[in-house]
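Residue numbers (the numbering used here), protein chains in the order written: chain P, 1 to 337; chain F, 1001 to 1164.
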């Protein structure tokens, strides 16, 4: 049987991007919530819930970027220049945010406390917003001529990309609140239940507006959503999203602890798979397919061998860390730091 | 093309004249370390077309020698410390301690010089013989690249400064 290596790689990288989005999503979300929860002790607990896992979560960003460069060089060479400014901003924001994990627990003055807390929350917000902006051109298309990006360096900026940026901030905020509901208790948990409701409503509103805008911005989307067999998956999505929303509201009302996070993951999965199906097989819409962008088959085979060894290791240590740090994080308890 | 090529320790490469002025070399050493044979043939810059010559010969020439020279000094430092330890004078020999202090920054300098060798020495190619630097430039506008470089410098200074 012939295996379509390119398809295997596209699924691998898409999976890696999805894992990045939901995993770094909830820990960026915790930073996005900082302005709503101001007491130092509570913020310490919030940071401690993600401190052991956040950098592992970002492994998937490296794997996605590295995989794209190695296996789909044409996509890497056209998509990254088109998103140069938001991607650089995202990296700088992640630098500030990452350093904060080490700094917050070693500071003495109130001023530096405020400064690093701001770095954490602003870094999380900017990183999330920039990642959302990167979704925009997936719908609106990227100008490619020959084998090079042919647009300007401000092409990424449009009302739609601002909208997708804010949508992802809302979505990450929802994941962050749901994560905190799972990992905390007492007063902080009660506060995050309330916040989860607000971020949930914002997320559903954002999904609705982005979904309505999509068919007007892209011919591919319009065609996909109205033709068989893509329609078979895309059409039920609004109903499934509605069901998840109803389940999420119930879970928040009933003070369930794990279900809200699962609902959040479900929302991201539905939105992501719908985007993937609407785009497939385009990797740089509107013209470049995964097969156009792929590297030589021998390189794909070679890289797959390395990945088959590495991927189980990454999954293994990730599972181990989550297992090791399971359970509630309490105030004042010896944390990860 | 040259047999028994010397390894030049000093000199000033002059691209226009096509020679290294004031060269002092160790005879045959370049042949030995490049071909593992004292009589081995070593290709020189003059064996490649002039259009592919780097425009910054003294920079490549000297950063390579700084790198190798510092490396040899590091080995000398290590051997001297072993010798002194064997003789039981490691904690008394003042000259050795001055030498060790003076070598403090050598690692950073050697790494920077080595990086300069690779980055300037491979010009005008990104991939030797296949892809020229001018052809491998990304479509990102120059102001965007300059701004991002400046932003990274500022962010690193801030973060590094705060960490001290």
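Ideal Cβ placement from N, Cα and C applies to all residues, glycine included. Small disclaimer: the values here were computed from a predicted structure and weren't measured.
Item	Value
Would a check of beta-carbon distances place residue 103 (chain P) closer than 8 Å to chain F?	yes
What ranges does the alpha helix (DSSP H) occupy inside the stretch 189-235 of chain P, keeping only unbroken runs of at least 4 residues that lie completely in it?	219-226, 230-234
Kindly list the residues whose CB is nearer than 8 Å to the CB of residue 291 (chain P), restricted to its own chain and excluding five residues on each side of it in sequence; keep chain order.	6, 281
Quick test of your reading: residue 45 (chain P) and residue 27 (chain P), contact by CB under 8 Å. State the CB separation rounded to the nearest angstrom.	Wrong, their Cβ atoms sit about 14 Å apart, outside the cutoff.
Please tell me whether residue 177 (chain P) and residue 204 (chain P) are closer than 8 Å, where the distance is taken between their beta carbons.	no
Give a yes or no on whether the minimum CB-CB distance between residue 86 (chain P) and chain F is below 8 Å.	no
Can you confirm whether the stretch 237-251 of chain P touches the stretch 294-302 of chain P when touching is taken to mean that 3 or more C-beta pairs between the two stretches lie within less than 8 Å?	no
Identify the contact partners of residue 1136 (chain F) in chain P, using a Cβ-Cβ distance below 8 Å as the criterion.	The contacting residues do not exist; residue 1136 (chain F) stays about 10 Å from chain P at best.
What would DSSP say about residue 140 (chain P), mapped onto helix, strand or coil?	helix
Contact criterion: CB-CB distance below 8 Å. Does residue 168 (chain P) meet it with respect to chain F?	no
Just how far apart, CA to CA, sit residue 1011 (chain F) and residue 1109 (chain F)?	21 Å
What residues from chain F crowd round residue 126 (chain P), counting only those whose CB sits closer than 9 Å?	Ordered by position in chain F, no residue passes the 9 Å Cβ test against residue 126 (chain P), which lies about 12 Å from the chain.
Report the residues of the stretch 138-150 of chain P with a CB closer than 9 Å to any CB of chain F, ordered along the chain.	148, 149, 150
Beta carbon of residue 165 (chain P), beta carbon of residue 207 (chain P): below 8 Å?	no
Would you mind reading off the limits of the beta strand (DSSP E) that contains residue 1127 (chain F)?	1125-1127
Any Cβ of chain P within less than 8 Å of the Cβ of residue 1153 (chain F)?	no
Less than 8 Å between CB atoms is the rule here; does residue 248 (chain P) satisfy it with respect to chain F?	no
Can you look up residue 266 (chain P) in the DSSP assignment and give me helix, strand or coil?	helix
With a Cβ-Cβ cutoff of 8 Å, do residue 1077 (chain F) and residue 1015 (chain F) count as a contact?	no
If we cut at 8 Å on Cβ distances, does residue 1146 (chain F) have a partner in chain P?	no
Are the beta-carbon atoms of residue 85 (chain P) and residue 153 (chain P) separated by less than 8 Å?	yes
Can you say whether residue 138 (chain P) is buried or exposed, counting buried as having 16 or more other CB atoms within 10 angstroms of its CB?	buried
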